[in-house]
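J.: In full-length UniProt numbering, the protein residues as written are 1 to 332. Cβ coordinates follow ideal geometry from the N, Cα and C atoms, glycine included. Please see the structure below; I have some questions.
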């Protein structure tokens, strides 16, 4: 099979298209999948640049998101048959093979049936971003109908899904973007108030639209400076959820005085620590999210579809930070 192999840590040039043996089914509960698409995520670029989890070393195949067709099953598989179309977030962290390849093998409990009437590029681009946004807004942030949420980087892979999940929950959405093009994009997704952080006064706009109280919830997908700047924008007893390390030297006096809840979301934790109940919950997220996709209530915007050998280009584009929504690799 063809696969993109991370041959070393470093820049995108360490990603090399190679011919490898197809992975075999080694346990009776596993399924073998012919991959059609693999999602590209920022975690892929970080692992390539700084190293893998589990103490693993290259060579390795990256890519957590995948979608494809079951081609073989183990003797104890009960949920799937050859020909079934599946999607999943599995592998690519250093222990199991990732999805920058034409085939992969995984336990049947880690896969879900693809949502009906949705194409492979959209489905393959979705799992990690959907689970991240869901856990941040619904599980950690406990977003409720009628609340106001500030979603940073709303045009990004996680952000644009978070906007839609917030609207499904019945919340009002304020979001930040960096250009007029991205502003138009997030408005189409349902964002109520759009702030260009390069030109607009975010604090003034938030306070204007919350009658001086601040938002109920902030979802930070950017990093330390954004995290710190967000604390004064949250109402008393409100919450902030971040998917990143808020950085060293963080002063939390203001958060304490305002009785804020601070939460973290790393959707990879269940896979890294083999937390079965949490992994099952993530499967439920894919099932319900897939139903919403089939109903047209939730959509993943795929801005660019690339071929497998273009994985280095995909990494460069992500690191440049100028993409709308998600990108995918066509693997087969």
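With 16 as the cutoff for other CB atoms within 10 Å, does residue 216 come out buried or exposed?
T.: Buried, since its Cβ has 16 or more Cβ neighbours within 10 Å.
J.: If I'm right that residue 50 touches residue 14 with Cβ under 8 Å, what's the distance once you round it to whole angstroms?
T.: That belief does not hold up - the Cβ atoms of residue 50 and residue 14 are roughly 12 Å apart, past 8 Å.
J.: Does DSSP put residue 89 in a helix, in a strand, or in coil?
T.: Strand, per DSSP.
J.: Using the beta-carbon count (16 or more within 10 Å), is residue 115 buried or exposed?
T.: Buried.
J.: Tell me where the beta strand (DSSP E) around residue 230 begins and ends.
T.: Counting along the chain, residue 230 falls outside any beta strand (DSSP E), though it belongs to the alpha helix (DSSP H) covering 224-230.
J.: Can you confirm whether the stretch 181-196 touches the stretch 252-266 when touching is taken to mean that 3 or more C-beta pairs between the two stretches lie within less than 8 Å?
T.: At 8 Å Cβ cutoff, the stretches do not touch.
J.: Kindly indicate the opening and closing residues of the beta strand (DSSP E) around residue 20.
T.: Per DSSP, residue 20 belongs to no beta strand (DSSP E) and is neither H nor E.
J.: Do residue 263 and residue 230 have their C-beta atoms within less than 9 Å of each other?
T.: No.
J.: Tell me, which residues are paired with residue 103 by DSSP?
T.: Note: residue 103 sits in a beta bridge opposite 34.
J.: Going by alpha carbons, who is nearest to residue 317 out of 304, 308 and 202?
T.: Checked all of 304, 308 and 202; the closest Cα to residue 317 is 304.
J.: Would you mind stating whether residue 151 and residue 176 have Cβ atoms separated by less than 9 Å?
T.: A contact, by the Cβ cut-off of 9 Å.
J.: Let me know the secondary structure DSSP gives residue 293 once reduced to three states.
T.: Residue 293: helix per DSSP, three-state reduction.
J.: When DSSP labels each residue in this structure, what does residue 269 get in the three-state scheme?
T.: Residue 269 falls in the helix class under three-state DSSP.
J.: Within the same chain, show all residues whose beta-carbon is closer than 7 Å to that of residue 265, passing over the 5 residues directly before and after it, in chain order.
T.: For residue 265, where only same-chain residues beyond five positions count, the Cβ hits under 7 Å are 132, 135, 136, 140, 241 and 243.
J.: Would you call residue 41 buried or exposed, if buried means 16 or more other Cβ atoms sit within 10 Å of its Cβ?
T.: Residue 41 comes out buried.
J.: What's the gap between the Cα of residue 39 and the Cα of residue 312?
T.: When rounded, the distance between both Cα atoms is 13 Å.
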